[in-house]
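Visitor:
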Amino acid sequence: MSKTEAPFGLRQRLEAMFCSNDQRHTPLTVTRSSLPPLAEYVAEIAPLWESHWLTNMGQKHEELRQALEDLLEVDDCVLFANGHSALQATLEAMELCGEVITTPFTFSSTTHAIVRAGLTPVMCDVRWEDGTLDPECAETLVTDCTCAILPVHVYGNVCDVEGIGALAKLHNLKVIYDAAHAFGERVGGVSVARFGDASVFSFHATKVFNSVEGGAVCLRGSDGLRRRLELLRNFGIVDEEHVEGVGFNAKMSELHASMGLCNLRHHQENVKQRLHALARYHERLADVRGLRFLSPVDTQTAVEYNGAYCAVAISDGFGVTRDELHESLSKRGVFARKYFYPCTNAYACYAGVLDPNETPVARHLSEQVLCLPLFAPMSYDQVDFVCDAVLQARA
Ligand SMILES: *Cc1c(COP(=O)(O)O)cnc(C)c1O
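Anchor point for the sequence shown: position 222 equals 1646 in our numbering, and the numbering is continuous, going up by one each time.
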């Protein structure tokens, strides 16, 4: 394979798309990473060429941490190299043992983090309306071995934080939110990062707010936990001569923090543009038979949504199956994604351990769901191109 050749014929596919019928619109991928103006990033990293301080909690790391603590309204924000290490470190720092109630309707990271932290995932089914953990189902899964609940604000749909909080209180369980999709959201004016014992964010390039790779754990006043997280992400090193824990390396570099600082300045504008495009999707597709939006339809609810995803569920009434729609869209240069299919409890690596039939709603939902392209800025023309392709797929 030559240096420029992408695997799996992707390059050929993309070339075909660029040369296809409508060059103005395609290819349209499910997301497109937000980038600041190049000059802004160059100015941001210029001081690093003076200081030669590239990683290990320097000036940029400090600035980003401070900015995020202010924005997310939390006492502590511990930055990580990525969301996955932040999630795993949180479970380890809490010194948990036993079973963690969670959902399979998520990215692999959520389940893997539990298993890699030496804990046992117990799969709870999700709510049909929004794909988040069903607290009533969770209640039936609590045993003497349960130590924590790890729900996911999937697509930025905020979980039933009250129901989950009440259940956790009743049984003395920790609550760790996988908030990878929920950056910057607010519920009734309260930052989403303030629920539970910890909220974990991902700043991966594909997320609403990115630092290329990155993540954070948000805490509300738990000094001990913050210290353990800081130790874990840096080999357990206290100082030159003292190592207190069997940590790993998950520090956020100065270059990543700089990208975060730049993107943060444009975050509000990006969210506005995403919501604008999402509103157009709703306008065009709300009344289509067999198509249901899993992303909030309007902003009349108590949630200030971030426009992370445009997720729809395709059922029988639509005319063609989800997979047929997915295929038909890709032929037109629209690369939607089946987030989240399959459910994590259907992965080969969990065969014989987890069973997708134990969570029938999640399984059913995963067979229907499709995420349509959504990014900032996405023009009405681009949204209309996708909507036309969706409607034409039925014929
Ligand atoms: C992206 C994501 C993660 C992991 O984040 P990374 O920064 O990619 O490690 C965890 N959970 C969910 C739900 C995600 O979408």
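Don't be surprised by glycine CBs; every beta carbon is placed ideally from N, CA and C.
Is the CB-CB distance between I1588 and P1545 below 7 Å?
Guide: no
Visitor: Does DSSP classify H1628 as helix, strand or coil?
Guide: When DSSP states are grouped into helix, strand and coil, H1628 belongs to the coil group.
Visitor: To the nearest angstrom, how far is it from the Cα of Q1692 to the Cα of R1698?
Guide: 10 Å
Visitor: Does the stretch 1494 to 1509 touch the stretch 1675 to 1683, meaning 3 or more C-beta pairs lie closer than 8 Å?
Guide: yes
Visitor: Give me the DSSP bridge partner(s) of M1676.
Guide: Looking at the DSSP assignment, M1676 forms no beta bridge with any residue, so it has no partner.
Visitor: Quick one: is the Cβ of G1639 within less than 6 Å of any heavy atom of ligand 1?
Guide: yes
Visitor: Got a sec? Which residues, its chain only, sit under 7 Å from H1750 by beta carbon, not counting five neighbours each side?
Guide: A1760, K1762, L1794
Visitor: If you draw a straight line from the C-alpha of E1486 to the C-alpha of R1650, how long is it?
Guide: 15 Å
Visitor: Assuming R1787 and T1450 make a contact with CB atoms under 8 Å, what is their CB distance in whole Å?
Guide: Actually they do not touch by this definition, with Cβ atoms about 32 Å apart.
Visitor: Would you please state the rounded distance, in angstroms, between the beta carbons of V1636 and H1680? I believe it to be under 8 Å.
Guide: 5 Å
Visitor: Pick out the complete beta strand (DSSP E) segments inside the stretch 1738 to 1806, 3 residues or longer, and give them in chain order.
Guide: 1793 to 1796
Visitor: What residues match up with R1708 in a beta bridge as DSSP calls it?
Guide: Its beta-bridge partners do not exist; DSSP assigns none.
Visitor: Flag G1555 as yes when its Cβ comes closer than 6 Å to any non-hydrogen atom of ligand 1, and as no otherwise.
Guide: No, ligand 1 has no heavy atom inside 6 Å of this Cβ.
Visitor: For R1716, which residues does DSSP report across the bridge?
Guide: DSSP, once it has assigned bridges, lists A1737 as partnering R1716.
Visitor: To the nearest angstrom, how far is it from the Cα of D1808 to the Cα of H1706?
Guide: 11 Å
Visitor: So, is Q1490 buried or exposed, given that buried needs 16 or more other C-beta atoms within 10 angstroms?
Guide: exposed
Visitor: With L1565 and C1548 assumed to form a contact (beta carbons below 8 Å), what rounded beta-carbon distance in angstroms separates them?
Guide: 6 Å
Visitor: Given A1430, which residues of its chain have a CB within under 6 Å of its CB, disregarding the five upstream and five downstream residues?
Guide: Only weak support exists for where A1430 lies, its pLDDT of 44 falling under 50; the value from the coordinates is given anyway. Closer than 6 Å at the Cβ level, and outside the excluded window around A1430, lies no residue.
Visitor: State the Cα-Cα distance for the pair Q1447 and M1802, rounded to the nearest angstrom.
Guide: Because Q1447 carries a pLDDT of 45, less than 50, the predicted location of this residue cannot be relied on, and the following value inherits that uncertainty. Distance between the alpha carbons of Q1447 and M1802: 15 Å.
Visitor: May I have the straight-line CA-CA distance separating N1445 from A1813, to the nearest angstrom?
Guide: Because N1445 sits at a pLDDT of 43, beneath the cut-off of 50, its placement in the model cannot be relied upon, and the following sentence gives the value as read from the coordinates. The alpha-carbon atoms of N1445 and A1813 are separated by roughly 13 Å.
Visitor: Just tell me which of E1782, A1703, A1537 has its CA closest to the CA of L1798.
Guide: Cα-wise, what sits closest to L1798 is A1703.
Visitor: Please check the pair V1662 and L1653, which I expect to be a contact at CB under 8 Å, by giving their CB distance rounded to whole angstroms.
Guide: Not confirmed; about 14 Å, so no contact.
Visitor: Apart from the five residues on each side of it in sequence, which residues of its chain come closer than 6 Å, Cβ to Cβ, to C1686?
Guide: P1460, E1464, Y1465, E1468
Visitor: What number of angstroms, rounded off, separates the C-alpha of E1516 from the C-alpha of S1752?
Guide: 44 Å
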